[in-house]
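> Numbering (my numbering), first residue to last: 5 to 197.
Glycine residues also receive a C-beta, built at the ideal position from the N, C-alpha and C atoms.
Mind looking over this structure? Questions follow.
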């Protein structure tokens, strides 16, 4: 409930932007969710790669899997919101946008990884499929061509309030997903006992 109240408050007080007007509010949501989702999937990759060294003493594969599911959920919702904001801002969705196409491939790779991991849960090596989305993201998304999508809308903004709004929305969603992870993890542990 507190999350919803804060989200509504942030949307109400966050500033509009000169060229996008109030459509920037969709962009606040889109960017924050994409950052949480991509960051979560990169975290999954890192955790999986260091798990043989740590021998799963700190976290389990169930933890990694839960982070991955929350991350792809966040990224996918952020992607859908980006389509809505593109339709509002530009009048249509430019499906030829390389950034948009790469995001679709990223979501597809992640979903297929999750499906294959769950189809073959006994094959422990299948877990490393969860590394594919993070590696794909690191290698492709930051470097792909953007036509309509701005390169660095936050960094180029001259408004400190817009930059602050992006940071606050990100922290709000990061806090929400952290809370959700801890709550779901607790439920998983209780159900397994």
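Leaving aside the five residues before and after residue 198 along the sequence, list all residues of the same chain whose C-beta is less than 7 Å from its C-beta, in chain order.
Examination of residue 198 is not possible in this model, given that the chain is present from 5 through 197 alone.
> Looking only at C-alpha atoms, which of 184, 181, 176 sits nearest to residue 198?
Given that the chain is displayed from residue 5 to residue 197, the structure contains no residue 198 and the question cannot be resolved.
> May I have the straight-line CA-CA distance separating residue 20 from residue 9, to the nearest angstrom?
Taking the first residue of the chain shown as 1, we reach residue 20 at position 16. Taking the first residue of the chain shown as 1, we reach residue 9 at position 5. As the crow flies, the alpha-carbon of residue 20 is around 20 Å from that of residue 9.
> Who are residue 41's beta bridge partners in DSSP?
Indexing the chain shown from 1 puts residue 41 at position 37. In DSSP, residue 41 forms no bridge with anything.
> Below 8 Å on the Cβ atoms is my guess for residue 137 versus residue 117; work out the distance and round it to an integer in Å.
Against the chain shown, residue 137 aligns to sequence position 133. Against the chain shown, residue 117 aligns to sequence position 113. Cβ-Cβ separation between residue 137 and residue 117: approximately 6 Å, consistent with a contact (criterion under 8 Å).
> For the alpha helix (DSSP H) that contains residue 165, what are its first and last residues?
Walking along the chain shown from the start, residue 165 turns up at place 161. Per DSSP, residue 165 belongs to the alpha helix (DSSP H) from 164 to 196.
> Where does the unbroken alpha helix (DSSP H) through residue 149 begin, and where does it stop?
Within the chain shown, residue 149 is the residue found at index 145, counting from 1. Premise fails: residue 149 is in no alpha helix (DSSP H) and is neither H nor E.
> Can you grab the Cα-Cα spacing for the pair residue 84 / residue 112, in whole Å?
Looking up residue 84 in the chain shown gives position 80. Looking up residue 112 in the chain shown gives position 108. Cα to Cα, residue 84 sits roughly 14 Å from residue 112.
> Do you know offhand how far residue 15's Cα is from residue 184's?
By one-based count along the chain shown, residue 15 stands at place 11. By one-based count along the chain shown, residue 184 stands at place 180. If you take the alpha carbons of residue 15 and residue 184, they lie about 21 Å apart.
> Spell out the partners DSSP gives residue 218 in its beta bridges.
Because the chain spans 5 through 197 in this model, residue 218 falls outside it and cannot be assessed.
> Between the region 52 to 67 and the region 31 to 44, do at least 3 Cβ pairs fall closer than 8 Å?
no
> Thinking C-alpha only, which one of 22, 66, 103 is nearest residue 147?
Along the chain shown, one-based indexing puts residue 147 at 143. Of 22, 66, 103, the residue nearest in Cα terms is 103.
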